[in-house]
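Count along the sequence shown from 1, add 1, and you get the number used in my numbering.
Cβ atoms here follow ideal geometry from the backbone N, Cα and C, with glycine treated the same way.
No experiment lies behind these values; they were computed from the predicted model shown.
Heads up, the thing below is written out as structure tokens.
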Amino acid sequence: MKITVIGAGNVGATCAMRLLEQGLGDIVLIDIIESLAKGKAEDLMDAASIIGHNCNITGTSDYSLTEGSDIVVVTAGFARQPGMSREELLSKNASIVREVAKNIKKHSGSPIIIVVTNPLDIMAYLTYKETGFDSKRVIGMAGFLDSSRMNLMIARQLNRNVSGIDSMVMGTHGKTMVPAVSNSKVDKAKLADSLKQADIDKLAEKTKARGAEIVSYLGKGSAFYAPSAGVLKMAQAIAKDTNEILPCSSYLNGEYDIKGIYLGVPARIGTSGITEIVKLTLTKEEEKLLKEASESVQSQISSLK
Ligand code: APR
2 MKITVIGAGN VGATCAMRLL EQGLGDIVLI DIIESLAKGK AEDLMDAASI
52 IGHNCNITGT SDYSLTEGSD IVVVTAGFAR QPGMSREELL SKNASIVREV
102 AKNIKKHSGS PIIIVVTNPL DIMAYLTYKE TGFDSKRVIG MAGFLDSSRM
152 NLMIARQLNR NVSGIDSMVM GTHGKTMVPA VSNSKVDKAK LADSLKQADI
202 DKLAEKTKAR GAEIVSYLGK GSAFYAPSAG VLKMAQAIAK DTNEILPCSS
252 YLNGEYDIKG IYLGVPARIG TSGITEIVKL TLTKEEEKLL KEASESVQSQ
302 ISSLK
């Protein structure tokens with residue numbers, strides 16, 4: 002496979018490292034600062050002789066080298082700083098993502114695009130609009146990350162391992178995240194069988210604030226190990242055509258009664274991108290929260306026009 006990663010910062014470079022070490026394909030690492038992309042690519046090539054991966058990575062600002070990419074990962078843009086919400090990155094990152102999407106359309110062929118730049122659901126929408134690609138081929142990486150974060154919160158509360166814990170987090174990758182507790186499970190049983198409602202509510206809130214918690218520890222920039230792991234998981238599903246269900250930001254065309262925006266929902270991912278938006282039965286309260294999430298995305302999109 003040929004995989005382009007745009008943005009050679011914390012998330013982009015860590016994605017490149019994970020993809021290389023899993024031998025998923027050759028990588029083109031693009032950054033507006035060419036020497037940064039080159040430096041990180043060359044460092045990763047030096048690592049090849051130690052780690053033993055056989056893939057090639059090129060660091061550049063030249064989009065013509067992305068021609069024929071099977072997957073393009075978009076991480077270019079600003080990361081939030083302590084005290085900032087993801088939503089506050091909107092106008093700064095919108096212009097970057099629009100420019101990046103134009104370049105993908107012009108040079109990269111017809112890849113599947115995994116968007117990571119925040120605010121995620123709006124950046125996925127802009128990428129879809131600007132490229133004009135089939136919406137099934139433009140996917141936002143977030144729901145799987147947020148669900149994994151909730152798995153960890155539950156595991157810590159229950160003092161056990163995460164394996165067997167299966168959370169479902171929907172909605173935005175932002176303030177209107179929707180932990181769909183009714184569809185979250187521990188060893189295939191309902192989460193409510195393992196935890197009291199008050200504890201579940203606390204863990205859901207901790208999950209929503211997890212990104213900000215990490216930003217506050219780091220003091221500068223935002224999380225990158227878990228986001229890059231989320232990208233790897235999605236890229237593997239695409240490369241190996243697993244068709245597994247991964248919560249991710251997907252274009253909705255009436256599913257969940259929402260139309261014309263990107264929002265976090267469970268979706269099947271395979272070689273052609275999203276093959277199915279999975280319809281879960283939600284509680285009335287979860288449906289209401291999902292609606293509020295869609296309104297928040299809609300109003301952010303409108304504010305850009
Ligand atoms: N084209 C290409 N690269 C760009 C452009 C552009 N127009 N504008 C900025 N970049 C590059 C920067 O030069 C920088 O190297 O994007 C990179 C961003 O890296 P970091 O600042 O380290 O940010 P990172 O932590 O990687 O986060 C990137 O992912 O998770 C999200 O919220 C996060 O929106 C943020 C994005």
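Where residue i sits in the DSSP three-state scheme
i, result
"residue 208", "helix"
"residue 178", "strand"
"residue 109", "coil"
"residue 224", "coil"
"residue 264", "strand"
"residue 144", "helix"
"residue 16", "helix"
"residue 40", "helix"
"residue 281", "coil"
"residue 27", "strand"
"residue 289", "helix"
"residue 72", "strand"
"residue 231", "helix"
"residue 93", "helix"
"residue 5", "strand"
"residue 81", "coil"
"residue 139", "strand"
"residue 203", "helix"
"residue 269", "strand"
"residue 127", "helix"
"residue 168", "coil"
"residue 196", "coil"
"residue 52", "helix"
"residue 117", "coil"
"residue 61", "strand"
Proximity below 8 Å, CB of residue i to CB of residue j
i, j, result
"residue 270", "residue 233", "no"
"residue 195", "residue 153", "no"
"residue 6", "residue 225", "no"
"residue 128", "residue 113", "no"
"residue 80", "residue 217", "no"
"residue 70", "residue 3", "yes"
"residue 38", "residue 61", "yes"
"residue 20", "residue 33", "no"
"residue 291", "residue 171", "yes"
"residue 294", "residue 173", "yes"
"residue 249", "residue 140", "yes"
"residue 240", "residue 25", "yes"
"residue 169", "residue 204", "no"
"residue 146", "residue 10", "no"
"residue 305", "residue 95", "yes"
"residue 105", "residue 73", "yes"
"residue 281", "residue 184", "yes"
"residue 156", "residue 132", "no"
"residue 111", "residue 134", "yes"
Residue from the options whose Cα sits closest to the Cα of residue i
i, options, result
"residue 180", "211, 81, 30", "211"
"residue 162", "174, 187, 267, 169", "187"
"residue 244", "279, 114, 205", "279"
"residue 193", "209, 173, 218, 167", "167"
"residue 41", "79, 287, 115, 18", "18"
"residue 8", "78, 288, 297, 150", "78"
"residue 149", "95, 190, 228, 191", "228"
"residue 75", "56, 251, 118, 204", "118"
"residue 99", "116, 178, 189, 237", "116"
"residue 136", "262, 267, 305, 51", "262"
"residue 251", "22, 276, 242", "276"
"residue 47", "22, 31, 35, 65", "22"
"residue 220", "85, 58, 206, 44", "85"
"residue 88", "200, 157, 213", "213"
"residue 242", "264, 235, 272", "272"
"residue 121", "265, 285, 59", "265"
Per-residue burial, residue i [other beta carbons within 10 Å of its own, 16 or more giving buried]
i, result
"residue 258", "exposed"
"residue 301", "buried"
"residue 254", "exposed"
"residue 177", "buried"
"residue 287", "buried"
"residue 83", "exposed"
"residue 144", "buried"
"residue 1", "There is no way to answer for residue 1, as the model of the chain reaches only from 2 to 306."
"residue 138", "buried"
"residue 238", "buried"
"residue 97", "buried"
"residue 297", "buried"
"residue 125", "buried"
"residue 52", "exposed"
"residue 165", "exposed"
"residue 284", "exposed"
CB contact below 8 Å: residue i versus chain C
i, result
"residue 252", "In the structure shown, chain C does not exist; there is a single protein chain."
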